[in-house]
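Heads up, the thing below is written out as structure tokens.
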Amino acid sequence: MNVVTRGFTGRRRDDPKLPPGQYLEHSFPVLQAGPTPAVNTARWKFTITTETGAASSWDWRQFTALPAEDISTDIHCVTQWSKLGTSWRGVSLDTLLDGIPTSAGFAMAKSYGGYTTNLPLPDLRDGKAWIAYEYDGAPLAPEHGGPARLLVPHLYFWKSAKWVNGLDLMKQDKRGFWEQLGYHDYGDPWREQRYQGD
Amino acid sequence: MARTAVPGRLSWLVATVGETKEETATARTLALDVPGWPGHLAGQHVTARLTAADGYSAQRSYSVASASEPDRLELTVQRVADGEVSSYLDEEARTGDQFEVRGPIGGWFAWQPDDPRPLLLLAGGSGIVPLMSMIRTHEAVNSRAPLQLIYSARTPDDVIYARELSERARLSPVIVVTYLYTRLTRWRKTPAQVTPDREVSGAQKHGGLLSRHLTHPAEPAAASDLPPVRGYAGRLSADVLAKTAFPPGLSPAVYACGPSGFVEAASNLLVAAGYASGDIKTERFGPN
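Residue numbers (this note's numbering), protein chains in the order written: chain A, 102 to 299; chain B, -12 to 275.
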């Protein structure tokens, strides 16, 4: 039961691709908590660590030699913008998680610069998540998370950690950077899970 | 209030427009009466939800401009081209109109009033808004932290809160304001271009300010040979930073807010100049 705002008519954009409370953005806004870290692909490493401490790592050459996929997807930021039909290229998490024994239910994505975000592990499987290194046919720009970022487009975009360098698989959920500051643990844009309690 | 931003569930509160004030040709402040508003940390924002008579609603995020107080807050809204909500708030909303807000949101880009570190604020355009909340809070709590604002705007006419900033800088012994006008060419030279004598006296002023307020906090302000408010033509650069900002060795708490391009440039300059990444907090808005 919303308060009606006198004189506000708004602009109807009944696009079925827009989740509730979102508006259509044509540019690509940048959101991050601090400076853009300089990440050199010569020293880049991506590591998956299981709940037992077993680690699997890829350097940039090994990572970019893995089978890659082209992804066309809509993205939704918790700050209310959505961008439709974005184009990415990256490695599916299915490929990276393949053959890693785990009974973990959750993952903490970790980044150069110290950013973290938590996700249920099933949300990273079955063709729902990638480590992306190209955007719109070009290497991913540093301010958009380059050289590589997590891409989990079915959740609000803060879950798609920029400058990602690893996943810690966890049996119990823990909160990441924004989640500790009150943002939702799951972040489904279609259920408008912006903040804890939504 | 709690140090974490968002305690428990955030519910929508009814906001009633009180006074409004035109700040520039394209920015307007709305004072809102919000019964139940718990107060906020300087730097935090709210989500505003406007609902049309037929039930259609739209949400946008706005930084709080005022210092924390219960049941009341101020937003300063910069009109954006084609802005569905900003054009309503800037042009249509009037005293007595109602919409909804929830918050405060965002406990990262926030200044704790008991933080004793020097405060270096970098604003691009309407990125001044959350920083103004910090400046107002700084006075409200009688903070002794030396404060520098470097505010990049297109022209003097685009400066939001110009009169209040001048007044605060004039009255406070710890506040120094530097304007950078990016669309002016025939204005004062940038600090990078001024004569060596003047550069030296500028450095002395900062040194004097700091030693006065870091080591003798109760000592009254001494007359200064440089105005507490200065304006230059040009953009933020390594030279401007070196000649106007607290040096990295003082480990200031740095907050940079503005359009993405400004914040990207500012934070890269800061890191290159030796400021610790962990001391730099950023908030960006608008397209790249």
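Backbone N, C-alpha and C fix where the C-beta goes; we use that ideal spot for every residue, glycine too. Just so we're clear, the structure is a prediction, and the values are computed from it rather than from any experiment.
Asked: From A:GLN123, A:VAL253 and A:VAL265, residue whose alpha carbon lies closest to that of PRO138 (chain A); Found: A:VAL265
Asked: Beta-ladder partner(s) of LEU136 (chain B), from DSSP; Found: B:LEU108 and B:VAL164
Asked: Cβ of SER211 (chain B) within 8 Å of any chain A Cβ; Found: Residue placement at SER211 (chain B) is flagged as unreliable, the pLDDT there being 44, under the threshold of 50; the coordinate-derived value follows with that caveat. SER211 (chain B) does not count as touching chain A.
Asked: Exposure of GLU78 (chain B), with buried meaning 16 or more beta-carbon neighbours within 10 Å; Found: exposed
Asked: Start-to-end residues for the alpha helix (DSSP H) that takes in VAL258 (chain B); Found: 247 to 260
Asked: Contacting residues, own chain, Cβ-Cβ under 7 Å from ASN255 (chain B) (five flanking each side not counted); Found: none
Asked: According to DSSP, residues forming a beta bridge with THR63 (chain B); Found: B:THR16
Asked: Heavy atom of the ligand NAP within 7 Å of TRP24 (chain B) beta-carbon; Found: This structure simply doesn't include the ligand NAP, nor any ligand for that matter.
Asked: Partner residues on chain B for THR180 (chain A), Cβ-Cβ distance less than 7 Å; Found: SER48
Asked: Under 9 Å from the C-beta of GLU235 (chain A): neighbouring residues of chain B; Found: Neighbours of GLU235 (chain A) on chain B: none; closest Cβ ~17 Å, over 9 Å.
Asked: Nearest to TRP145 (chain A) (by Cα), restricted to the options A:ALA249, A:HIS255 and A:PRO290; Found: A:ALA249
Asked: Rounded straight-line distance, which links the Cα of SER193 (chain A) to that of LEU19 (chain B); Found: 48 Å
Asked: Buried or exposed (CB count within 10 angstroms, at least 16 for buried), GLN133 (chain A); Found: buried
Asked: C-beta neighbour in chain B for ARG112 (chain A), strict 8 Å; Found: yes
Asked: 8 Å Cβ cutoff, PHE258 (chain A) in contact with chain B; Found: no
Asked: Every unbroken alpha helix (DSSP H) inside the segment 177 to 231 of chain A [4 residues or more]; Found: 194 to 198
Asked: For ASP269 (chain A): DSSP bridge partner residues; Found: A:THR150 and A:MET209
Asked: Alpha-carbon spacing of LEU282 (chain A) relative to TRP95 (chain B), whole angstroms; Found: 7 Å
Asked: Proximity of ILE137 (chain B) and LEU109 (chain B) at Cβ, strictly below 8 Å; Found: yes
Asked: Three-state secondary structure (DSSP) of THR231 (chain B); Found: helix
Asked: THR165 (chain A): first and last residue of the uninterrupted alpha helix (DSSP H) it sits in; Found: 161 to 165
Asked: Local conformation of GLU79 (chain B) per DSSP, three classes; Found: helix
Asked: Straight-line Cα distance separating GLY186 (chain A) from ASP116 (chain A); Found: 13 Å
Asked: CB contact check: ARG162 (chain A) to chain B, cutoff 8 Å; Found: no
Asked: Runs of alpha helix (DSSP H) wholly within the segment 273 to 297 of chain A (minimum 4 residues, chain order); Found: 278 to 281
Asked: Classification of PRO246 (chain B) by the beta-carbon crowding that lies within 10 angstroms, buried from 16 upward; Found: buried
Asked: Proximal residues, the segment 184 to 195 of chain A versus chain B, C-beta separation under 9 Å; Found: none
Asked: Proximal residues of chain B, C-beta to C-beta of VAL104 (chain A) below 8 Å; Found: VAL1, THR38, GLN85, PHE86 and GLU87
Asked: Euclidean distance between Cα positions of GLU235 (chain A) and ALA242 (chain A); Found: 8 Å
Asked: Minimum Cβ-Cβ distance from VAL67 (chain B) to chain A less than 8 Å; Found: no
Asked: DSSP three-state assignment for PHE272 (chain B), whether helix, strand or coil; Found: strand
Asked: Contacts around PRO290 (chain A), its chain only, beta-carbon distance under 6 Å, and the 5 residues preceding and following it disregarded; Found: PRO120, HIS177 and TYR257
Asked: Option nearest GLN135 (chain B) by Cα separation, candidates B:PRO234, B:VAL72 and B:ALA127; Found: B:PRO234
Asked: Where the alpha helix (DSSP H) through GLU126 (chain B) begins and ends; Found: 115 to 127
Asked: Start and end residues, alpha helix (DSSP H) containing ALA149 (chain B); Found: 149 to 158
Asked: Bridge partners - ASP362 (chain A), DSSP secondary structure assignment; Found: Chain A is shown from 102 up to 299; residue 362 (chain A) falls before or after that span and cannot be answered.
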